[in-house]
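Encoded as structure tokens, the structure appears first; notes follow it.
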Amino acid sequence: FKGTQVLSRPSPKLQGTPNNLPDLGEVRGQETAKRALEIAAAGGHNLLMSGPPGAGKSMLASRLPSILPPLRPRELLEVSMISSLAGELADGRLTDRRPFRAPHHSASMAALVGGGIKAKPGEVSLAHNGVLFLDELPEFNPQVLDSLRQPLESGEAVIARANHRVSYPARIQLIAAMNPCRCGYAGEPGHQCRRGARCASEYQARVSGPLLDRIDLRIDVPAVTAADLITPTASETSAAVGARVAEARRIQRERFLSLGVSASTNAEAPASVIETIAAPDPGGLQFLHDAAKSLALSARGYHRVLKLARTLADLDGLDTVGRIHLAEALSYRGQDLARQAA
Ligand SMILES: Nc1ncnc2c1ncn2[C@@H]1O[C@H](COP(=O)(O)OP(=O)(O)OP(=O)(O)O)[C@@H](O)[C@H]1O
Ligand SMILES: [Mg+2]
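All you need for the working numbering is the position in the sequence shown, starting with 1, plus 1343.
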């Protein structure tokens, strides 16, 4: 205050980004799943992978952080505040890596959405601005899973108590993996479950319809073929895929900035905005019209298809959403459509 000593500017304690993340290049084959992972990363969409044991679902999910762009300063601050509250900030150092939380399926509701004696933030808030990975999805307690529906829709987790109410931010990207049935191989060529068709239907029913409805990308991950394992073709590294993801995210951010919308990814955009920014070209419009009618798309389904198609066009660097983008977006709701047809 007297001006006798000038304090030096504090320098931020940033943890250097470790580049020892597992790389996408190590995954053999599974081109569809890799494409879906790239789309999910580019637009912040939720993703569900279903397939037999050992196909590489957990392996793929754990490689998502390596293709996501780093946190921006504002996001970094939010993430750090939450980890600090939860007592998880390792010696005060910040990191610009996006959070990747993978709670075990025995997690309680308090552990997942927050609570306990001091109303601490749960996994869904610790994954804010990052990824919540739920491996073996149907093994979670169905009630615990359903408690995720509200945070997934509103982007915040509210913990209500008799005398107070706490809300933590929880804008997450949900990645889930599951086997198609209890024994794990339903739908594989030549396999017949011992318990018949009930095996798959009972197992899948543990995940509620409304939760599934919030997942834009649902893909099957079949067992990796012998040819892919023994004579693998060169596959892309995380750096190459990450560059495309970063470019698609930049396009989205600039678009939302110019529109004055506070979203940063297509997945977060409100429905009214999505209808204007993802308006298809005439060919696409006709296609969407036919598809929506014959597939009986719900209103939420319709908007989710548009969001996904917008991300696909952004990955292609195109301004307008075309027929090809809509067709691919619809294909990722395949299981949904098969159920309706049945
Ligand atoms: N596509 C693949 N390319 C290379 N290695 C693979 C692939 N798929 C599986 N593996 C190998 O198999 C191991 C198990 O894979 P992973 O844990 O991802 O299977 P999963 O699909 O999650 O199975 P589960 O349904 O039992 O959880 C991996 O650690 C890896 O060594
Ligand atoms: Mg697994």
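Think of the CB as a built atom: it goes at the ideal place given N, C-alpha and C, for glycine as much as any other residue.
Considering only 1676, 1389, 1449, 1611, the residue with the shortest C-alpha distance to residue 1498 is 1611.
At a Cβ-Cβ threshold of 7 Å, residue 1422 and residue 1389 do not count as neighbours.
In this structure residue 1354 is exposed. Its beta-carbon is surrounded by fewer than 16 other beta-carbon atoms within 10 angstroms. Sorting 1566, 1376, 1357, 1385 by C-alpha distance to the C-alpha of residue 1607 places 1385 at the top. When only Cα atoms are considered, residue 1631 and residue 1493 end up about 29 Å apart.
Here residue 1519 carries a strand assignment [DSSP, helix/strand/coil]. Taking a C-beta distance under 7 Å as the contact criterion, residue 1446 and residue 1457 do not qualify as a contact pair. Taking the Cα positions, residue 1570 is about 15 Å away from residue 1399.
In its chain, beyond the 5 residues on either side, no residue has a beta carbon closer than 8 Å to the beta carbon of residue 1615. Around residue 1455, the same chain offers 1446, 1465, 1466, 1467, 1487, 1490, 1491 as residues with beta carbons nearer than 8 Å, after the five sequence neighbours per side are excluded. Shortest gap from the CB of residue 1400 to any heavy atom of ligand 2: under 6 Å. The DSSP-derived three-state label of residue 1457 is strand. By DSSP's assignment, residue 1393 forms a beta bridge with 1521, 1563. By a beta-carbon distance limit of 8 Å, residue 1442 does not contact residue 1419. Their separation comes to about 11 Å. Here residue 1501 carries a strand assignment [DSSP, helix/strand/coil]. Contact check between the region 1400-1412 and the region 1370-1386: three or more CB pairs, one atom from each, fall below 8 Å, which counts as touching. For residue 1485, there is no enclosing beta strand (DSSP E); the residue is part of the alpha helix (DSSP H) that begins and ends at 1485-1489. When secondary structure is reduced to three states using DSSP, residue 1463 falls in the strand class.
If you keep only unbroken alpha helix (DSSP H) runs of at least 4 residues inside the region 1582-1607, you get nothing at all.
Non-local C-beta neighbours of residue 1521 in its own chain, meaning closer than 6 Å and more than five positions away in sequence, comprise 1393, 1480, 1481, ordered along the chain. Inclusion of residue 1396 in the 6 Å shell around ligand 1 follows from its C-beta lying nearer than that to a non-hydrogen atom of the ligand.
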